[in-house]
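In our numbering, the protein residues as written are 143 to 564.
For each residue, glycine too, the CB sits at the ideal point set by N, CA and C.
Note sheet for the following structure.
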RNA sequence: GGAGAGGUGGCUGAGUGGUUGAAAGCGCUCCCCUGCUAAGGGAGUAUGUGGUAAUCCUGCAUCGAGGGUUCGAAUCCCUCCCUCUCCGCCA
């Protein structure tokens, strides 16, 4: 949620900033409802004060065994009035909250102007793209060839956009997860954490998936339970500290968490229908940090470098981009995407998204820091380190051999029973 | 899933309708005293939000969550959530 105080004080700047990401801030509505809220709130609280005073008076009179019927009569008069006012206020406040919750984060000054991924700023390209002297295959062909991927089997037991991994690909999946967790815990000193994969709506509101992106979530359809499958570990891990006041001495808090992620991918049925690039379920290793607001800019660089490090160790060619104003996510203020080279597509494809949310999420979640005896909102960040399915696809394609086999990246061999080839 | 007990401030823990936002203790902060790794004395110490530019002042809200009764609810009633104990089931 954006800072309401700031919204009031710097209305035109805020509107301008939001318009850069294509968000049309309804100024008339805002001014009207805010004025309404203010008026109602003042009136309601004044009535409440009168009533509280009367109630206190009655208490005293009764204690002194004096007649309090007159005060009681007066208080009764207020009671109804107060109730209707309060109801009105509740409604307006709920409406206002809805409005505020659907406003995206303000974007950082570094975010480039643009309306699609074509306008993202390319920061750097790292690693050498492989050159092939033969006709290359895409990762799906390679997976099917080795009999390690089964899409038909997956759709039989579930539905489309799921996959079954077998043998060496099942092993590769597990190897990648362990490799990534090891690097982040041992070299980057993240605390490993394991969390529920089913979360309540408060958690999804906290990180920004709700109320606006309900159709992207898998909801548990069981006795109208208020539960959803997680779209990313970001949700449970960030919400782990919801409603808490963190000790500034503990910061930065950095977690690494492996989970499956579930996305309904509503409205993307034409996209990436081949292979494992876009599935309803995929594995991801996620990095999440909680930092002092002063350090979040720096922390984004650090966190992104940790994700990059995995790609470097795997010797996968990639590039780093800054998402432009209309490609950046709802809750983020600044996002670096890491895009891995996919030879079959002759394109770089997103494999990690590292974002600084500043105080947008922590305001929703009330995550604060005790600093100089005051409570301030902390800053939250996260990034994939990395998306495992896409990493697997990238390895298959970049490490493929002419005979359809796939070499195994050096760093993974210890995790692959020292196999050299898939 | 069934039966019972319970959810109060950073922690422990009082409080069953009326100045209780909440005793007391611990912890923490500041000050005083004390020539020493101790003890004592004093003061302060929840969060959110409104009026405000405001850390001053002041209003309102918050005792698991949401409703209800009442002039008035931490206290009474209803629903839900969570924790603990026992039983059932189970990886």
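Continuous beta strand (DSSP E) stretch holding residue i: start and end
| i | result |
| --- | --- |
| residue 293 | Here residue 293 belongs to no beta strand (DSSP E); instead the alpha helix (DSSP H) covers 293–299. |
| residue 145 | Premise fails: residue 145 is in no beta strand (DSSP E) and is neither H nor E. |
| residue 341 | 340–342 |
| residue 472 | Note, residue 472: premise wrong, no beta strand (DSSP E); not H, not E. |
| residue 387 | 387–389 |
| residue 511 | 510–513 |
| residue 369 | 369–371 |
Given residue i as reference, the closest of the options once Cα atoms are compared
| i | options | result |
| --- | --- | --- |
| residue 454 | 321, 303, 428, 520 | 321 |
| residue 157 | 210, 183, 247 | 247 |
| residue 467 | 163, 149, 145, 152 | 163 |
| residue 192 | 220, 509, 554 | 220 |
| residue 447 | 527, 458, 387 | 527 |
| residue 182 | 225, 143, 194, 395 | 225 |
| residue 499 | 207, 229, 250, 155 | 250 |
| residue 240 | 514, 171, 554, 338 | 171 |
| residue 350 | 283, 503, 554, 542 | 503 |
| residue 566 | 194, 207, 168 | In the structure as shown, the chain begins at 143 and stops at 564. Residue 566 is therefore absent and cannot be evaluated. |
| residue 167 | 178, 154, 179 | 154 |
| residue 506 | 201, 243, 188 | 243 |
| residue 445 | 497, 532, 235 | 497 |
| residue 223 | 432, 187, 268 | 187 |
| residue 334 | 324, 313, 524, 437 | 324 |
| residue 318 | 456, 211, 273 | 456 |
| residue 381 | 520, 554, 165 | 520 |
| residue 328 | 397, 433, 548 | 397 |
| residue 404 | 262, 546, 313, 356 | 356 |
| residue 160 | 546, 501, 475 | 475 |
Beta-bridge pairing of residue i - partner residues as DSSP gives them
| i | result |
| --- | --- |
| residue 403 | 424 |
| residue 566 | There is no way to answer for residue 566, as the model of the chain reaches only from 143 to 564. |
| residue 477 | 497 |
| residue 521 | 433 |
| residue 461 | 267, 481 |
| residue 529 | 426 |
Nonlocal neighbours in the same chain, by C-beta distance under 8 Å from residue i, ignoring five residues either side
| i | result |
| --- | --- |
| residue 176 | 150, 238 |
Spatial neighbours of residue i in its chain, beta-carbon cut-off 7 Å, leaving aside the 5 residues before and after
| i | result |
| --- | --- |
| residue 271 | 459, 483 |
| residue 276 | 544 |
| residue 179 | 234, 235, 238 |
| residue 214 | 200 |
Start-to-end residues for the alpha helix (DSSP H) that takes in residue i
| i | result |
| --- | --- |
| residue 314 | 309–324 |
| residue 453 | 438–455 |
| residue 158 | 153–162 |
| residue 380 | 376–381 |
| residue 504 | 502–507 |
Other residues of its chain near residue i: CB distance less than 6 Å, five sequence neighbours each side excluded
| i | result |
| --- | --- |
| residue 282 | 416, 417 |
| residue 309 | 290 |
| residue 345 | 377, 381 |
(Q) Going residue by residue through the segment 203–284, where are the continuous alpha helix (DSSP H) segments of at least 4 residues, counting only ones entirely within it? (A) 211–243
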